[in-house]
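FYI, in mature numbering (1 follows the signal peptide of the UniProt record, and there is no 0) the residues of the sequence shown are -20 to -1, 1 to 184. All C-beta atoms in this analysis are idealised placements derived from N, C-alpha and C, irrespective of residue type, glycine included.
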Amino acid sequence: MKKILVSCFALILSASMLYAGDGFQLGVKAGFNSSSFDTSNGVKLNNETYQNVKNDFKSGYILGAWTSFPLAGNISLRPEVYYSKKSGKVEYDSAISETLNYYSWDIPVLVKLNILDLDVVNIYGLAGPALSIRADEKVSVDERSFDSGKMKSANWNLQLGAGVEVMRFGLDARYEWGLNDISSKSGIDRKTRALMFSLSYRLF
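Shown next as structure tokens:
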């Protein structure tokens, strides 16, 4: 994980030196999310099958940096690196309650389309894949014998959203779909879902 993160930061630093005079942008961002760990019905654990699984959203946060590279016309590439906390609550047959907290380094690589680009205001759309690399996880369950297992070390997601930029400040909203099963334990099919809002500031 450390090698991947170091490589990403090195790539951003190298790109800044290459594109600083050609439309390259670098900034920081912070925000919050409302996420869930969408667990399918029919969970099989400890010789029990749970048919009625309820997934609830809980709040988390994001904190990191972003870059922007012009591609063609009003289209640019927007890689990001940020630390994220995603949380969710799962109930199994209204008998067992589990709260999950997933801490990760997220690396989205998004295509940015400027929809309305004026001198002061820019409205844009975003879409692309995002890689989540697990940093830590904490699970709280009200039944000690219940064990849903650890989550996988990496998870692929798809992000889709829109935002507005005013001078150096930006505000965006996006939704994230987990593309693969994040649970490492057989018998559980679990994917992440997250609604994210963030405030950004362009350094240059």
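Checklist entry - Among K24, S20 and L6, which has the Cα closest to the Cα of N160? => result S20
Item to check | Nearest to R170 (by Cα), restricted to the options L80, S74 and S48 | outcome: L80
Next on the checklist: Need the endpoints of the beta strand (DSSP E) that F4 sits in, please.
Outcome noted: Careful: F4 lies outside any beta strand (DSSP E) and carries neither H nor E.
Checklist entry - From which residue to which residue does the beta strand (DSSP E) around N94 run? => result I76 to D97
Item to check | Beta-carbon spacing of E28, W46 below 8 Å | outcome: no
Item to check | Closest by C-alpha distance to L106, when choosing among K65, G158 and V89 | outcome: V89
Checklist entry - How would you call A110, buried or exposed, if buried means at least 16 neighbouring beta carbons within 10 angstroms? => result buried
Next on the checklist: So for G68, helix, strand or coil by DSSP?
Outcome noted: strand
Next on the checklist: Assuming the contact rule is C-beta atoms closer than 8 Å, R154 and M176 should be a hit. Round their C-beta distance to whole Å, please.
Outcome noted: 5 Å
Item to check | K9 to N26 span [Cα, whole Å] | outcome: 43 Å
Item to check | Endpoints, the beta strand (DSSP E) within which D116 is located | outcome: V101 to V121
Checklist entry - For N135, which residues of its own chain have a beta-carbon under 7 Å away from its beta-carbon, when the five flanking residues on both sides are left out? => result S112, G158, N160, I162 and T172
Checklist entry - Buried or exposed: A174, going by 16 or more other Cβ atoms within 10 Å of its Cβ? => result buried
Next on the checklist: What would DSSP say about Q139, mapped onto helix, strand or coil?
Outcome noted: strand
Checklist entry - From the DSSP output, which residues share a beta bridge with L175? => result S14 and Y155
Checklist entry - Does DSSP put G22 in a helix, a strand or coil? => result coil
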